[in-house]
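A.B. asks: Numbering (the UniProt record's numbering), first residue to last: 1 to 249.
Quick one: structure below, then a few questions.
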Ligand SMILES: Nc1nc2c(ncn2[C@@H]2O[C@H](COP(=O)(O)OP(=O)(O)OP(=O)(O)O)[C@@H](O)[C@H]2O)c(=O)[nH]1
Ligand SMILES: [Mg+2]
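In structure tokens, the structure reads:
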């Protein structure tokens, strides 16, 4: 059987988790040959996120350092699947599409798949200001990295676990999303972007639009013009040095 880890970062998402976990098609995935674990990263939540995730059958990893990127570092560290899939804990990403997306990943021999939410059919699920900002950041990212990706900010990626060890991804915050895409495409992994449905968010927005947008801009330029392998000891990707810091229950 193939193994899949679905890694979900969660900051005060207790109210969304039952619906989110309900869309993970465990039985359909099993029928398609995938043994699935769900890893919920509790990012120092002040609500019942961890208890709710645990009660719903997820593995829970605690990341005391706030930040979307920090949450993923902890989640990827404990994920055991040969393939990792990601998405927010806010009901926006279609985990129910995973059987189809995984079929494409395998059939097309893709190593890093990312998803595009920015087509017309999803227009109503995203605030107008986010829609414009996402387009602007994506256009700049395409210009700098020449990878043709339409949506540099989508939080749903499906990739082979082994590529994580070869990526130099440094962002602790929201810029992690664009950075992992640009790192994977620059490193030469076989990549593909596929359109997905994007749904209305449940609960409270955690994104801080202006500071997060500015941090994304800075990260794009720093990443494009930095020397490769420059961080950490002897060019070892930062996430490797951090491994075994997190424990899931
Ligand atoms: N913003 C933010 N999100 C975090 C953090 N830690 C975990 N998360 C989770 O990461 C996901 C992304 O945050 P969102 O608030 O949905 O950000 P977004 O998707 O860019 O913005 P929306 O379009 O409003 O959903 C959610 O599941 C959060 O609960 C953190 O420190 N900051
Ligand atoms: Mg979200």
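Backbone N, C-alpha and C define an ideal beta-carbon position, used for all residues, glycine too.
Since this is a predicted model, take the numbers as computed values, not measurements.
(1) Taking three-plus beta-carbon pairs below 8 angstroms as touching, is the region 102-111 in contact with the region 168-183?
(2) With a 10 Å radius around its C-beta and 16 neighbouring C-beta atoms as the bar for buried, classify residue 45 as buried or exposed.
(3) Comparing the CB of residue 38 with every heavy atom of ligand 1, is any distance shorter than 7 angstroms?
(4) Helix, strand or coil for residue 163, going by three-state DSSP, please let me know.
(5) Report the residue from 224, 32 and 39 whose alpha carbon sits nearest the alpha carbon of residue 141.
(6) Here's the rule I'm using: 16 or more other beta-carbon atoms within 10 Å means buried, otherwise exposed. How should residue 159 be labelled?
(7) Relative to the C-alpha of residue 54, which candidate in 76, 221, 4 and 37 has its C-alpha closest?
(8) Check this for me: beta carbons of residue 12 and residue 47, under 8 angstroms apart or not?
(9) Looking at residue 128 and ligand 1, is the gap between the Cβ and the nearest heavy atom below 7 angstroms?
(10) Would you call residue 168 buried or exposed, if buried means 16 or more other Cβ atoms sit within 10 Å of its Cβ?
(11) For residue 8 and residue 205, what's the separation of their Cα atoms in angstroms?
(12) Determine the closest residue to residue 214 out of 202, 174, 64 and 193, with distance taken between C-alpha atoms.
(13) On the three-pair Cβ rule with 8 angstroms, is the region 143-159 touching the region 77-97?
(14) Reducing DSSP to helix, strand and coil, say where residue 11 ends up.
(15) Any chance the CB of residue 67 is under 7 angstroms from a heavy atom of ligand 2?
(16) Do you know offhand how far residue 4's Cα is from residue 87's?
(17) Considering only C-alpha positions, which residue in the set 153, 119 and 166 is nearest to residue 220?
C.D. replies: Result, derived from the coordinates:
(1) no
(2) For the purposes of this step, residue 45 is taken as residue 45 along the chain shown, with counting starting at 1. With 16 or more Cβ atoms within 10 Å of its Cβ, residue 45 is classed as buried.
(3) Your numbering for residue 38 matches position 38 in the chain shown. No, since every heavy atom of ligand 1 falls outside the 7 angstroms radius drawn around the Cβ of residue 38.
(4) The residue you call residue 163 lines up with position 163 of the chain shown. Correct three-state label for residue 163: helix.
(5) Indexing the chain shown from 1 puts residue 141 at position 141. Out of 224, 32 and 39, 224 has the C-alpha closest to the C-alpha of residue 141.
(6) Position 159 of the chain shown holds residue 159. Counting Cβ neighbours within 10 Å, residue 159 comes out buried, since at least 16 surround it.
(7) Taking the first residue of the chain shown as 1, we reach residue 54 at position 54. The shortest C-alpha separation from residue 54 is found at 37.
(8) Position 12 of the chain shown, counted from the start, is the residue given in the question as residue 12. Position 47 of the chain shown, counted from the start, is the residue given in the question as residue 47. It is a contact, given that the beta carbons lie within the stated cut-off.
(9) The residue labelled residue 128 in the question sits at position 128 within the chain shown. Checking the Cβ of residue 128 against ligand 1 gives no.
(10) Here residue 168 refers to the residue found at position 168 of the chain shown. Label assigned to residue 168: buried.
(11) Here residue 8 is taken as the residue at index 8 of the chain shown, counted from 1. Here residue 205 is taken as the residue at index 205 of the chain shown, counted from 1. If you take the alpha carbons of residue 8 and residue 205, they lie about 16 angstroms apart.
(12) Taking the first residue of the chain shown as 1, we reach residue 214 at position 214. When each option's Cα is compared against that of residue 214, the closest is 174.
(13) yes
(14) Residue 11 sits at position 11 when you count from the first residue of the chain shown. Reduced to three states, the DSSP call for residue 11 is coil.
(15) Along the chain shown, read from residue 1 onward, the residue named residue 67 stands at position 67. Every heavy atom of ligand 2 is 7 angstroms or more from the Cβ of residue 67, so no.
(16) Looking up residue 4 in the chain shown gives position 4. Looking up residue 87 in the chain shown gives position 87. Answer to the nearest angstrom: the Cα atoms are 14 angstroms apart.
(17) Indexing the chain shown from 1 puts residue 220 at position 220. Per the Cα distances, 153.
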